[in-house]
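In my numbering, the protein residues as written are 27 to 273.
Reviewing the structure listed below.
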Ligand code: SAH
């Protein structure tokens, strides 16, 4: 199983590219397989539509058990809201003996923080706003805890065309503990065609910009913006001494 990074082939690791070159069959969503271009020529390709993850994982495992070298493609990193979990669940549930290698990839938060500057230089929390697999009450509790702890908050799956209320509620929760001026970075389609990078304040966050290809990074109380780049200082100490001097 490989992680293909945020989009372009340049963001893939050499290990992942070598695995593709060496495989017999490659499985994944059409979008991610298409990004691989001529690299998949001569390979058996199994394309999935949007659908049940466990079924996809089972299919990949079956290919491997049939003796083929199979590569299951997962965007970003397979271990972060990706396919590594479903594959291991199938192997565990059905007590299978599969020779499995998980090859990591550049996850969206790495690609997006690089576009923004250095917003996650200090402790951070990653929360998915999708309530398909996690009840919304649980997501809210985690948002609350991260907001209280002054963690930088990285939001995956912040919204889609049909799912708009979660990001609004997330902002409401963050505003209970954080200043309306808190810096927020929004990156859409990092490394992909039409990439958009935007920095705004928590209070004036353009929520309509948020979709399925977007990652949102909410700064902590020390995050600042300089020359269009979002920066979270490594530590709080400097900030404290600045405040002490001002007193
Ligand atoms: N396994 C993937 C995450 C899958 S969840 C990874 O490690 O990156 C899907 C979410 O990831 C999207 O809703 C979005 O929040 C984020 N994402 C994935 N690719 C992205 C990209 N190129 N630019 C911005 N966000 C992205």
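Glycine included, C-beta positions come from ideal geometry on N, C-alpha and C.
Of the residues 230, 159, 130, the one whose Cα lies closest to the Cα of residue 104 is 130. Here residue 196 has 155, 169, 181 as same chain residues with Cβ atoms under 7 Å from its own Cβ, once five neighbours each way along the sequence are excluded. Between the ligand SAH and residue 88, a heavy atom-to-CB distance of less than 8 Å is absent. Assigned with DSSP and collapsed to three states, residue 229 falls in coil, not helix or strand.
Counting C-beta pairs closer than 8 Å gives fewer than three between the stretch 207–225 and the stretch 159–178, which falls short of the contact rule. Pairing residue 76 with residue 58 gives a Cβ-Cβ distance that is not under 9 Å. Just so you know, the alpha carbons of residue 254 and residue 64 end up roughly 37 Å apart.
Collapsing the DSSP output to three states places residue 211 in a strand. Per DSSP, the beta-bridge partners of residue 70 are 51. Remark: the shortest separation between the CB of residue 55 and any heavy atom of the ligand SAH does not fall under 8 Å. A direct Cα-to-Cα measurement between residue 147 and residue 93 gives close to 44 Å. Looking at the backbone, the Cα of residue 117 and that of residue 111 are separated by about 10 Å. DSSP lists 252 as the beta-bridge partner residues of residue 255. Judged by DSSP secondary structure, residue 243 falls within the beta strand (DSSP E) whose first and last residues are 240–244.
Relative to the non-hydrogen atoms of the ligand SAH, the Cβ of residue 107 comes within a distance shorter than 8 Å of at least one.
For residue 117, the uninterrupted alpha helix (DSSP H) segment begins and ends at 110–119.
Bounds of any beta strand (DSSP E) do not take in residue 106, whose DSSP letter is neither H nor E. Relative to residue 216, the option among 142, 88, 184 whose CA is nearest is 142. Contact between residue 240 and residue 178 does not hold, since their C-beta atoms are separated by about 17 Å, which reaches or exceeds 8 Å.
Contact annotation: residue 79 and residue 51 have beta-carbon atoms that are not nearer than 9 Å.
Taking C-beta atoms as the reference points, residue 144 and residue 39 fail to come closer than 9 Å. DSSP, reduced to helix, strand and coil, places residue 165 within a helical segment of the structure shown. With a beta-carbon spacing of about 12 Å, residue 32 and residue 108 fall beyond the 8 Å limit used to define contacts. Assigned with DSSP and collapsed to three states, residue 193 falls in helix. Rounded to the nearest angstrom, the Cβ distance from residue 45 to residue 28 is 5 Å, consistent with a contact under 8 Å.
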